[in-house]
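Residue numbers (the numbering used here): 2 to 100. Below is one structure, written out as structure tokens, with a few remarks after it.
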Amino acid sequence: MTIEYDEKGKYFTNVIQKVPVPSVIQTASGLVRGFVHVRQNERLKDELENDERFLAVTDATVSSPAGEVIFSGPFMVVQKEQIVWIMPLADEQTGNSNS
């Protein structure tokens, strides 16, 4: 990893800082709950509009249309073309106590 500094002391790295946003994603075949990581000072919508074909989700749980959990894991990717709708959730809706 390289670190570059400008004349004011601001540093630049190859690491992109992202903030986890608790979200629910409706796909063509089920419902995904987890954290979508978005760049600081950007919106969930901005993450959907970038050029990447997949959306990373951490602490993911996938439910069938009947509501039964069919997958749960620390990481998964969702193909953006399969997303019907997505919305951010408040922390109390996810059961997490992170603020």
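Backbone N, C-alpha and C fix where the C-beta goes; we use that ideal spot for every residue, glycine too.
Note that the segment 23-31 touches the segment 84-93; at least 3 beta-carbon pairs, one per stretch, sit closer than 8 angstroms. Within the same chain, and ignoring the five residues on either side of PRO75 in sequence, the residues whose Cβ sits closer than 8 angstroms to its Cβ are THR59, ASP60 and ALA61.
By the criterion of a C-beta distance shorter than 8 angstroms, ASP47 is surrounded in its chain by VAL39 and ARG40, once the five residues flanking it on both sides are discounted. Taking C-alpha positions only, LEU90 is separated from PHE36 by approximately 9 angstroms. Per DSSP, LEU49 is one residue of the alpha helix (DSSP H) stretching across 45-50. Between VAL70 and LEU56, the gap from beta carbon to beta carbon reaches 8 angstroms or more.
Contact annotation: GLY10 and SER65 have beta-carbon atoms that are not nearer than 8 angstroms.
LYS81 carries a helical assignment under DSSP once its states are collapsed to helix, strand and coil. The closest CA to that of ASN51, considering only LYS81, VAL22 and GLU5, is found on LYS81.
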